[in-house]
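There are 2 protein chains.
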Amino acid sequence: MKMEDHSFLKSETIENVSRIFKVLADPTRIKILYLLSQEECNVNHIAEVLEMSQSAVSHQLSILRNLRLVKYRREGKTLFYSCDDEHVISLLKQAIDHAEHH
Amino acid sequence: MKMEDHSFLKSETIENVSRIFKVLADPTRIKILYLLSQEECNVNHIAEVLEMSQSAVSHQLSILRNLRLVKYRREGKTLFYSCDDEHVISLLKQAIDHAEHH
DNA sequence: ATTATATATGAGCATATGTTCATATGTATG
DNA sequence: CATACATATGAACATATGCTCATATATAAT
């Protein structure tokens, strides 16, 4: 194929794709997103279930929040997080399926 | 949900999912895989089209090879690479679609 | 055999990323 | 208002990652 016949991706597109996959590439975030895909959770619950520090969970949630992959609602002192991007959850579940059935 | 009612992912599954997404998370590898999804390419061609050094391309191809995402055939001194994992290409294309249509 | 071409690979370096620790913020309650 | 509880955040540190540079390997041609 000639150089000029290639269909190139816009660099903005590449950056966005990279961003999506980067977020899905960390085992901790995979666990958090998978957990949140099953149920709405507060921060301490996530930390307990995944056996992580509250701080580590909170840092990761902040990343997921910034990318609008999760949302939250407050109930008193407690924040309940849930998934906010069906498409990303779909990518995650496909990869899980693929990984499980090898 | 009670602790014991969660459906947990096997740690092996999590590692495999992470591996898939890590490989897709790098802009250079995104470009290479997208290019190879369009046509079989030799190493120098990839380097020219993507304006990268031969060495950088070769290092990335080595990563893709190790994960069996690409295969190659030899023709004289030249190696022709192509995609070898339709599922990963499918994940990539879905993410591109999503990123483009925001 | 020598040389040229195509590709691979190891070492070193700079940057990115995830965790911990300490501390700050926000909300309810006495 | 003081205290407790839930969560967030900044700094520091360790590890991972991708590039470059130099060099090695493989194949072909002279």
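Chains A and B, in that order, are what the protein sequence lines are.
For the first sequence, the UniProt record's numbering gives the first residue as 1, with consecutive numbering after it.
For the second sequence, the UniProt record's numbering gives the first residue as 1, with consecutive numbering after it.
Ideal Cβ placement from N, Cα and C applies to all residues, glycine included.
Answer with buried or exposed for Ala25 of chain A, where buried requires no fewer than 16 other C-beta atoms within 10 angstroms of its C-beta.
buried
Between the C-alpha atoms of Leu35 of chain B and Asn42 of chain B, what's the straight-line distance to the nearest angstrom?
11 Å
First and last residue of the uninterrupted alpha helix (DSSP H) at Arg19 of chain B:
Ser11 to Leu24
Is the CB-CB distance between Ile63 of chain A and Val88 of chain A below 8 Å?
no
In DSSP terms, what Leu79 of chain A is bridged to
A:Arg74
Select from B:Glu51, B:Asn44 and B:Asp84 the residue whose C-alpha is nearest the C-alpha of Lys77 of chain B.
B:Asn44
Leaving out five residues on either side along the sequence, give the residues of the same chain with a beta carbon under 6 Å from the beta carbon of Ser55 of chain B.
none
In its own chain, which residues sit with a C-beta less than 8 Å from the C-beta of Val49 of chain B, not counting the 5 before and 5 after it?
Leu35 and Cys41
Which value, in whole angstroms, describes the spacing of the CA atoms of Ser53 of chain A and Ala47 of chain A?
6 Å
Around the Cβ of Arg73 of chain B, are there at least 16 other Cβ atoms within 10 angstroms (buried) or fewer (exposed)?
exposed
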